[in-house]
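Q: Residue numbers (our numbering): 1 to 152. Heads up, the beta-carbon is just placed ideally off N, CA and C, and yes, glycines get one too. Bear in mind the structure is a predicted one, so any value in this text is a computation, not a measurement. Could you have a look at this structure, given as structure tokens, before my questions?
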């Protein structure tokens with residue numbers, strides 16, 4: 001986004017986007033790390049505000065005994081998914097480092113390609129997540145017909 005352009009190319013990047021200069025120097029490849037850090041801190045700030053505005057006790061439930069078989073089922077699905085996601089993130093990070101070694105322009109082009117692929121992937125990921133929720137709710141209700149319909 002704009003933060004990437006600002007931190008990578010500095011004022012020259014902002015001017016290229018038709019925005020006014022703000023006195024920011026070009027940081028090159030390290031600007032990618034700065035942009036990511038600023039974005040992550042912004043997300044943390046939004047989450048902190050959301051937590052602060054939540055009423056005390058909202059959603060609190062009494063603590064129940066640990067259901068070991070249920071926990072084992074969750075881990076049997078969650079651990080492989082987590083390993084797959086970790087490998088995927090690791091590959092993206094490795095390629096990012098490789099692009100950074102090729103120079104600022106290569107790193108910026110790689111970032112643009114990642115943003116475009118993320119944009120197209122987000123819609124299908126959202127549909128998949130929503131479908132999973134609907135299937136889970138139907139299974140929870142014991143409604144086999146709704147489970148089939150939600151899965152289609």
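Just checking my contact of residue 4 with residue 26 at CB under 8 Å: how many whole Å lie between their CB atoms?
A: By one-based count along the chain shown, residue 4 stands at place 4. By one-based count along the chain shown, residue 26 stands at place 26. 12 Å between Cβ atoms; not a contact.
Q: Would you report the Cα separation of residue 38 and residue 143, rounded to the nearest angstrom?
A: Residue 38 sits at position 38 when you count from the first residue of the chain shown. Residue 143 sits at position 143 when you count from the first residue of the chain shown. Answer to the nearest angstrom: the Cα atoms are 45 Å apart.
Q: Just the Cα atoms here: how many angstroms apart are residue 124 and residue 131?
A: Numbered from 1 along the chain shown, position 124 holds the residue referred to as residue 124. Numbered from 1 along the chain shown, position 131 holds the residue referred to as residue 131. Near 10 Å, if we compare the C-alpha coordinates of residue 131 and residue 124.
Q: If you compare alpha carbons, which of 28, 55 and 41 is closest to residue 102?
A: Along the chain shown, one-based indexing puts residue 102 at 102. Selected option, being the one with the closest Cα: 28.
Q: Drop a sphere of 10 angstroms on the beta-carbon of residue 6, count the other beta-carbons inside from all chains shown, and report buried for 16 or more, exposed for fewer.
A: Locating residue 6 in the chain shown gives position 6, where the first residue counts as 1. That one is buried.
Q: By alpha-carbon positions, which one of 100, 133 and 115 ends up nearest to residue 30?
A: The sequence position of residue 30 within the chain shown is 30, counting from 1. Checking every option, the nearest Cα to that of residue 30 belongs to 100.
Q: Against chain B, with Cβ distances strictly below 8 Å, would residue 84 count as a contact?
A: Considering every chain present, this structure includes no chain B. It has just one protein chain.
Q: Which residue marks the beginning of the alpha helix (DSSP H) containing residue 15, and which one marks its end?
A: Taking the chain shown and counting its residues from 1, the one referred to as residue 15 is at position 15. 11–16 is the span of the alpha helix (DSSP H), which, as asked, contains residue 15.
Q: Do residue 133 and residue 147 come within 8 Å of each other at the CB atom, strictly closer than that value?
A: Sequence index remark: in the chain shown, residue 147 carries index 147 (1-based). Sequence index remark: in the chain shown, residue 133 carries index 133 (1-based). It is not a contact, given that the beta carbons lie outside the stated cut-off.
Q: Quick check on residue 56: does DSSP put it in helix, strand or coil?
A: Counting from 1 along the chain shown, the entry for residue 56 is found at position 56. Three-state DSSP puts residue 56 in coil, outside helix and strand.
Q: Just to confirm my understanding: we take residue 24, look at its own chain, exclude 5 residues before and 5 after, and list those with CB closer than 8 Å. What are they?
A: Position 24 of the chain shown, counted from the start, is the residue given in the question as residue 24. Same-chain partners within the cutoff: 6, 7, 10, 11 and 14.
Q: Considering only C-alpha positions, which residue in the set 33, 138 and 46 is nearest to residue 96?
A: Stepping through the chain shown from its first residue, residue 96 is reached at position 96. Nearest of 33, 138 and 46 to residue 96, Cα basis: 33.
Q: On the criterion of 16 or more Cβ atoms from any shown chain inside 10 Å, does residue 111 qualify as buried, or is it exposed?
A: Indexing the chain shown from 1 puts residue 111 at position 111. Buried, because 16 or more other Cβ atoms sit within 10 Å of the Cβ of residue 111.
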